[in-house]
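One line per chain: the protein sequences are H and W, in this order.
Note that this note's numbering gives residue 300 to position 196 of the first sequence, counting from 1, and the numbers run on in steps of one.
Note that this note's numbering gives residue 91 to position 59 of the second sequence, counting from 1, and the numbers run on in steps of one.
Glycine included, each C-beta is placed from N, C-alpha and C at the ideal position.
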Amino acid sequence: MKKLLSRILFWLGFAIIPIFLATAMSGKTSITREWGLAASIIIFGAVGLMYLSFELDASSPREIAVIAVLGAVGAAGRFAFAALPNIQPTTFIAIASGYVFGPTAGFMTGSTAALVSNFFLGQGPWTPWQMFAWGLAGSSAGIVKRLFPHIGRWGMAAFCFLWGYFFGWILNLWSWTTFVKPLNWQSFVAVCAASFWFDTFHAIGNAAFYLLFGTGFMKILNRFKLKMTVTYIGADD
Amino acid sequence: MLDRFFYREKGLFLQSLHPLSALTYIAVLLVLALVFNHPLYLLGLLAVTVTAIKALDGIDAWKTFLRVSLGAAFVIVIVNAITVRAGETIIWHGPYIPVFGRLNVSLEAVCYGADMGLRLLDIMSIFCLYNFMIHPDRILDLLSRFSFKSALVLSLAARMFPTMVSRLDSIKEVQAARGVDFNAGTLKEKMGKYVVLMKILLLTSMEDSMETAEAMYARAFGSGKRSHYVRDAWRPRDSVCLTASLLAMGVAMYGWTKGLGTFSFYPRLAYLIDGLTGIVLLFAVIFLLSFPLILSWGWHNCPFIKSKI
Numbered sequence: 105m106k107k108l109l110s111r112i113l114f115w116l117g118f119a120i121i122p123i124f125l126a127t128a129m130s131g132k133t134s135i136t137r138e139w140g141l142a143a144s145i146i147i148f149g150a151v152g153l154m155y156l157s158f159e160l161d162a163s164s165p166r167e168i169a170v171i172a173v174l175g176a177v178g179a180a181g182r183f184a185f186a187a188l189p190n191i192q193p194t195t196f197i198a199i200a201s202g203y204v205f206g207p208t209a210g211f212m213t214g215s216t217a218a219l220v221s222n223f224f225l226g227q228g229p230w231t232p233w234q235m236f237a238w239g240l241a242g243s244s245a246g247i248v249k250r251l252f253p254h255i256g257r258w259g260m261a262a263f264c265f266l267w268g269y270f271f272g273w274i275l276n277l278w279s280w281t282t283f284v285k286p287l288n289w290q291s292f293v294a295v296c297a298a299s300f301w302f303d304t305f306h307a308i309g310n311a312a313f314y315l316l317f318g319t320g321f322m323k324i325l326n327r328f329k330l331k332m333t334v335t336y337i338g339a340d341d
Numbered sequence: 033m034l035d036r037f038f039y040r041e042k043g044l045f046l047q048s049l050h051p052l053s054a055l056t057y058i059a060v061l062l063v064l065a066l067v068f069n070h071p072l073y074l075l076g077l078l079a080v081t082v083t084a085i086k087a088l089d090g091i092d093a094w095k096t097f098l099r100v101s102l103g104a105a106f107v108i109v110i111v112n113a114i115t116v117r118a119g120e121t122i123i124w125h126g127p128y129i130p131v132f133g134r135l136n137v138s139l140e141a142v143c144y145g146a147d148m149g150l151r152l153l154d155i156m157s158i159f160c161l162y163n164f165m166i167h168p169d170r171i172l173d174l175l176s177r178f179s180f181k182s183a184l185v186l187s188l189a190a191r192m193f194p195t196m197v198s199r200l201d202s203i204k205e206v207q208a209a210r211g212v213d214f215n216a217g218t219l220k221e222k223m224g225k226y227v228v229l230m231k232i233l234l235l236t237s238m239e240d241s242m243e244t245a246e247a248m249y250a251r252a253f254g255s256g257k258r259s260h261y262v263r264d265a266w267r268p269r270d271s272v273c274l275t276a277s278l279l280a281m282g283v284a285m286y287g288w289t290k291g292l293g294t295f296s297f298y299p300r301l302a303y304l305i306d307g308l309t310g311i312v313l314l315f316a317v318i319f320l321l322s323f324p325l326i327l328s329w330g331w332h333n334c335p336f337i338k339s340k341i
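The structure is reproduced here in structure tokens:
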């Protein structure tokens, strides 16, 4: 029962943004000037649903410790690569952990990395959006693995590349709903055009990370996934 | 360099508030900044926030927030100016652009963009205030009462993060001692060197995480109901600040349903000051939101007030 509820909450959290986006663009709502507030409530709601889903999910101390470590590695990655402009391994780490450990763990890794690194880089209005975007990158990787088990190296590289843009667009949603009027696809395109080069660098960086080092990273993570599996043997066996 | 952007314990009054009342205060400021679009109201909120930041001795860091916000505000003005068609006072007839149509810039759109830039500055300042006012651990403490697994993940990660950054430094030193030059080579070669860092970090930290998990097993983690204790004291100051914040929220919401605090930009700019009630409401909200600041002043300057709160 708890497991089912956890699944339902997870998918609800997943669906909330596309519904929101469609509503904002259709212009057929009674909300006229409070889109900034509505967007904030919705993003907090989406992140909250995902966390609630994790809370209800049965997870062992090993999973909790591994998720925390991966989140911290993702956060530390934002510092390690500070010397190279626009290249950050956080998206790649979230995707790799989601791919190996499944959608829920992927979400928790990505969102933990965002929140924890911002403890030190400074929290801002972008924090819940980053938590959601990186979390979604992780959990979608887990879903992709279930849907296409044989996606292959180039498929995953393309997936990482696309996430460079998705990440930017999700973050643009915030500035778009809060500071731009009217909300229609033209204004959204204008906001995305302003961030086009940032997103492109991010996308290329992600794909490069995956192509050059994806296999090695996955190997390490898979080894620990095996280590995490515990089988209890009864006394009379 | 970055350490001036996050929380440091300075023993100031605003830092001594209970996390619940501090968080409510920040949340009220944030909601009001998102609900109001009247420039005077946004300026009032900004004044309160910046005074609070000053009381927390954070003006230097705030100046960086100011610079970033002004840059982003410029982008907001441009996007609004080129995409909005609702304004009547056209100040520039531009050329025809494929996706957007004819580029007509109206005064109203520019003003709306500037107002939204002000809102952005408000929001950034509120988060700057948050960073200085509340210790992350105290928030996690509060969170752990009702969602202990997520709070545990976050506090574990927050604990490990500084360790990892310093571990990264030592791995880098070891690599450098072996002759790896992190500044040499093409971008691809540089990336390779940094990724080796990440791999070593990942391997060692994952080994550590297994040990953390063993320690949690040994302490019977997850075997039954979790015990917790309360460390933060609830003092009179918290009741005062919480009541003032909630009252400010109530007054503002009442005014907002009456249409105060909102400013109409299109098709033409409205009057900046439209009747007395709007101004009275503005002062009431600002007064209520200033309560923590007044108490902070009293706590630092008046022994009698300090003894009572």
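Discussion item. Which of the three DSSP states is assigned to Tyr-269 (chain H) in this structure?
Written reply: Helix.
Worksheet item: Hey, does Val-185 (chain W) have any beta-carbon neighbour from chain H nearer than 7 Å?
Response: For Val-185 (chain W), the answer is yes, since a Cβ of chain H falls inside 7 Å of its Cβ.
Worksheet item: Along the chain, where does the alpha helix (DSSP H) that runs through Gly-126 (chain W) open and close?
Response: No alpha helix (DSSP H) contains Gly-126 (chain W), which is instead part of the beta strand (DSSP E) from 122 to 129.
Worksheet entry | Between the CA atoms of Arg-258 (chain W) and Asp-173 (chain W) - distance to the nearest angstrom | Rounded to the nearest angstrom, the gap between the Cα atoms of Asp-173 (chain W) and Arg-258 (chain W) is 14 Å.
Worksheet item: Under a three-way DSSP split, which group does Val-137 (chain W) fall into?
Response: Residue state, collapsed to three classes: strand.
Discussion item. Is there a C-beta anywhere in chain W that falls below 7 Å from the one on Ser-291 (chain H)?
Written reply: Chain W contact via Cβ: present.
Worksheet entry | CB contact check: Leu-330 (chain H) to chain W, cutoff 7 Å | No, Leu-330 (chain H) does not count as interfacial toward chain W.
Practice prompt. Would you give the residue range spanned by the alpha helix (DSSP H) that Ser-179 (chain W) belongs to?
Written response: Where Ser-179 (chain W) is concerned, there is no enclosing alpha helix (DSSP H), given that its DSSP letter is neither H nor E.
Worksheet item: Using the rule of at least 16 other Cβ atoms within 10 Å of the residue's Cβ for burial, across every protein chain shown, is Phe-283 (chain H) buried or exposed?
Response: By the 16-neighbour rule on beta-carbons within 10 angstroms, Phe-283 (chain H) is buried.
Practice prompt. Work out the CA separation of Lys-42 (chain W) and Tyr-303 (chain W) for me, nearest whole Å.
Written response: The alpha-carbon atoms of Tyr-303 (chain W) and Lys-42 (chain W) are separated by roughly 44 Å.
Fill in: Proximity test, Cβ basis, 7 Å: Pro-229 (chain H) and chain W
Judged by the 7 Å Cβ criterion, Pro-229 (chain H) is in contact with chain W.
Worksheet entry | Per-residue contacts from Asp-173 (chain W) into chain H (C-beta, under 7 Å) | Around Asp-173 (chain W), no beta-carbon contact reaches into chain H at under 7 Å, the shortest distance being about 14 Å.
Worksheet item: My guess is that Phe-158 (chain H) and Thr-208 (chain H) are in contact by the Cβ rule of under 8 Å, so how many angstroms apart are they, rounded?
Response: Rounded, the Cβ-Cβ distance is 6 Å, consistent with contact.
Discussion item. Tell me the residue span of the alpha helix (DSSP H) that contains Trp-289 (chain H).
Written reply: Element bounds for Trp-289 (chain H): 289 to 298.
Worksheet item: Can you name the residues of chain W whose CB is closer than 7 Å to the CB of Gly-140 (chain H)?
Response: Using a Cβ-Cβ cut-off of 7 Å, Gly-140 (chain H) is close to Leu-66 of chain W, given in chain order.
Worksheet item: Would a C-beta distance cut-off of 7 Å place Leu-274 (chain W) and Thr-83 (chain W) closer than the cut-off?
Response: Not a contact, by the Cβ cut-off of 7 Å.
Worksheet item: Taking Leu-153 (chain H) as the reference, which of H:Leu-174, H:Leu-113, H:Ile-121 and H:Leu-141 has the closest Cα?
Response: From the listed residues H:Leu-174, H:Leu-113, H:Ile-121 and H:Leu-141, the smallest Cα separation to Leu-153 (chain H) is found for H:Leu-113.
Worksheet item: Are Val-220 (chain H) and Phe-193 (chain W) close, meaning C-beta to C-beta below 7 Å?
Response: Yes, these two residues count as a Cβ contact at 7 Å.
Worksheet item: How would you label Ala-216 (chain W), buried or exposed, when you count the other beta carbons within 10 angstroms and need 16 or more for buried?
Response: Exposed, since its Cβ has fewer than 16 Cβ neighbours within 10 Å.
Discussion item. Does any residue of chain H have a CB that is nearer than 7 Å to the CB of Lys-181 (chain W)?
Written reply: Interface residue, yes.
Practice prompt. Reducing DSSP to helix, strand and coil, say where Val-174 (chain H) ends up.
Written response: The sequence shown places Leu at residue 174 (chain H), rather than the Val named in the question. Three-state DSSP puts Leu-174 (chain H) in a helix.
Worksheet entry | Burial state of Arg-250 (chain H) (16 or more Cβ within 10 Å) | When all chains shown are included, Arg-250 (chain H) counts as exposed.
Worksheet item: Does Thr-216 (chain H) get closer than 7 Å to chain W when you measure Cβ to Cβ?
Response: At a cut-off of 7 Å, the C-beta of Thr-216 (chain H) has a neighbouring C-beta in chain W.
Discussion item. So, for Phe-164 (chain W): in the same chain, excluding its five sequence neighbours on each side, which residues have a beta-carbon less than 6 Å away from its beta-carbon?
Written reply: Correct list, in chain order: Leu-88 and Gly-90.
Worksheet item: Which word fits His-70 (chain W), buried or exposed, when buried means at least 16 other C-beta atoms lie within 10 angstroms of its C-beta?
Response: Around the beta-carbon of His-70 (chain W), 16 or more other beta-carbon atoms lie within 10 Å, marking it buried.
Worksheet item: Quick one: does Pro-122 (chain H) have its CB under 7 Å from some CB of chain W?
Response: Chain W, which has no Cβ nearer than 7 Å to the Cβ of Pro-122 (chain H), makes this no.
Worksheet item: Which residue's Cα is closest to the Cα of Phe-97 (chain W): W:Gly-149, W:Ala-189, W:His-332 and W:Gly-145?
Response: It is W:Gly-149 whose Cα lies nearest to the Cα of Phe-97 (chain W).
Discussion item. Let me check understanding here. Comparing Cα to Cα, which of H:Ile-337, H:Leu-316, H:Phe-313 and H:Ile-274 lies closest to Phe-124 (chain H)?
Written reply: The alpha carbon of Phe-124 (chain H) has as its nearest neighbour, out of H:Ile-337, H:Leu-316, H:Phe-313 and H:Ile-274, the alpha carbon of H:Ile-274.
Worksheet item: What number of angstroms, rounded off, separates the C-alpha of Leu-305 (chain W) from the C-alpha of Gln-290 (chain H)?
Response: In the sequence on display, residue 305 (chain W) carries Ile and not Leu. Rounded to the nearest angstrom, the two C-alpha atoms are 33 Å apart.
Fill in: Chain-order list of residues whose beta-carbon lies under 6 Å from that of Gly-309 (chain H) (same chain, five-residue window excluded)
Same-chain partners within the cutoff: Ile-191.
Discussion item. Between H:Val-151, H:Thr-231 and H:Gly-256, which has its C-alpha nearest Ala-211 (chain H)'s C-alpha?
Written reply: Reading off the sequence shown, one finds Phe at residue 211 (chain H), where the question assumed Ala. Of H:Val-151, H:Thr-231 and H:Gly-256, the residue nearest in Cα terms is H:Val-151.
Practice prompt. Please confirm if Leu-200 (chain W) has its CB atom under 7 Å from at least one CB of chain H.
Written response: Taking 7 Å as the CB threshold, Leu-200 (chain W) lines the interface with chain H.
Worksheet item: If the cut is a Cβ gap below 9 Å, which residues of chain W does Arg-250 (chain H) touch?
Response: Contact annotation for Arg-250 (chain H) against chain W: no contact, minimum CB-CB distance about 23 Å [criterion: below 9 Å].
Worksheet entry | Per-residue burial, Gly-291 (chain W) [other beta carbons within 10 Å of its own, 16 or more giving buried] | Result: exposed.
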